[in-house]
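Our numbering numbers the first residue of the sequence shown as 1 and each following residue consecutively. Heads up, the thing below is written out as structure tokens.
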Amino acid sequence: MGHLDHATFGWLTPVLSYVMACIGAALGLRCTVRALAATGRARRNWLLTAASAIGTGIWTMHFVAMLGFGVSGTEIHYNVPLTILSLLVAMAVVGAGVFVVAHSRERGRALVLGGLTTGLGVASMHYLGMAALRLHGEVSYDPVLVGLSVVIAVVAATAALWAGLNIKSPLAVAVASLVMGGAVSSMHYTGMMAVRVRVTPSGAVLPGATTMQFIFPLAVGLGAYLFLTLAFVALSPTAGEHEASVSAQRPVESAVR
Numbered sequence: 001m002g003h004l005d006h007a008t009f010g011w012l013t014p015v016l017s018y019v020m021a022c023i024g025a026a027l028g029l030r031c032t033v034r035a036l037a038a039t040g041r042a043r044r045n046w047l048l049t050a051a052s053a054i055g056t057g058i059w060t061m062h063f064v065a066m067l068g069f070g071v072s073g074t075e076i077h078y079n080v081p082l083t084i085l086s087l088l089v090a091m092a093v094v095g096a097g098v099f100v101v102a103h104s105r106e107r108g109r110a111l112v113l114g115g116l117t118t119g120l121g122v123a124s125m126h127y128l129g130m131a132a133l134r135l136h137g138e139v140s141y142d143p144v145l146v147g148l149s150v151v152i153a154v155v156a157a158t159a160a161l162w163a164g165l166n167i168k169s170p171l172a173v174a175v176a177s178l179v180m181g182g183a184v185s186s187m188h189y190t191g192m193m194a195v196r197v198r199v200t201p202s203g204a205v206l207p208g209a210t211t212m213q214f215i216f217p218l219a220v221g222l223g224a225y226l227f228l229t230l231a232f233v234a235l236s237p238t239a240g241e242h243e244a245s246v247s248a249q250r251p252v253e254s255a256v257r
């Protein structure tokens, strides 16, 4: 059995991955709040932004944490197509959950269905990302811990969707984002605790890309996307601010006429 190290860079990768999960959650919640106050194309665009933000935040959290993952006796490479697929899965399932909850008339049933779908999708993203691992040996899992990680993912996803529907104030969103970041991180590290690796020493060259060749630049790029989108959302006026601005302009226009 190879010795697994989940924090080869110390606390750097766990803390940074938690921060990325919190940013994704905060951005997704704020976009969901904007979507619920909008209609038509604006609502759809805000929901798409929310889905991409949450999905990107979860994926970035996972692979930033994986930057600190190492196994004694073998290098680790990643299958590029599978890794990209895991990102697309994350965004697609989060999008499905967000749209189901936002457009359903029966919020309770939609919340359960959306939370289950999104949670299973997040777990699928995690284990699809793990399937992209290429190393000298065999990877197996503790089924009990795998099941626990899936339960955590479903609960976290349901809580995130509930928060998107019910939490409006910026302070409440910030607190909810910290909780959601912790839940997503807990799911990841529970899943990682389930990993068992039997190393088979070999001098053969592993297929795929190393973390620094592929995972690191992609994670940095997606992290930059989250920060820029967060700044855009923060600077964009809310529906209430837009209505107030329009109302303030009407008396001025009337006076000019």
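By construction, the Cβ of each residue, glycine as well, lies at the ideal position given by its N, Cα and C atoms. From a predicted model like this one, the values you see are computed outputs, not experimental measurements.
Buried/exposed call for residue i, threshold 16 Cβ in 10 Å
i, result
"residue 71", "buried"
"residue 3", "exposed"
"residue 35", "buried"
"residue 114", "buried"
"residue 47", "buried"
Unbroken alpha helix (DSSP H) run spanning residue i, endpoints
i, result
"residue 137", "Unbroken run through residue 137 is the beta strand (DSSP E), 137 to 141; no alpha helix (DSSP H)."
"residue 126", "107 to 131"
"residue 55", "40 to 66"
"residue 266", "There is no way to answer for residue 266, as the model of the chain reaches only from 1 to 257."
"residue 17", "12 to 36"
Endpoints, beta strand (DSSP E) assigned at residue i
i, result
"residue 198", "195 to 199"
Which listed residue (the options) has its alpha carbon closest to that of residue i
i, options, result
"residue 133", "57, 51, 76, 23", "76"
"residue 214", "50, 137, 23, 78", "78"
"residue 143", "56, 127, 36", "127"
"residue 20", "37, 64, 202", "64"
"residue 137", "6, 201, 25", "201"
"residue 225", "103, 118, 100, 50", "50"
"residue 217", "152, 207, 67, 37", "67"
"residue 207", "135, 10, 88", "135"
Alpha-carbon spacing of residue i relative to residue j, whole angstroms
i, j, result
"residue 16", "residue 94", "22 Å"
"residue 149", "residue 120", "10 Å"
"residue 176", "residue 80", "33 Å"
"residue 230", "residue 203", "45 Å"
"residue 6", "residue 186", "13 Å"
"residue 104", "residue 110", "6 Å"
"residue 97", "residue 117", "6 Å"
"residue 74", "residue 199", "7 Å"
"residue 84", "residue 210", "14 Å"
"residue 123", "residue 90", "9 Å"
"residue 174", "residue 13", "22 Å"
Decide yes or no for the touch test of the region 22 to 40 against the region 166 to 173: beta carbon pairs closer than 8 Å, at least 3 of them.
-> yes
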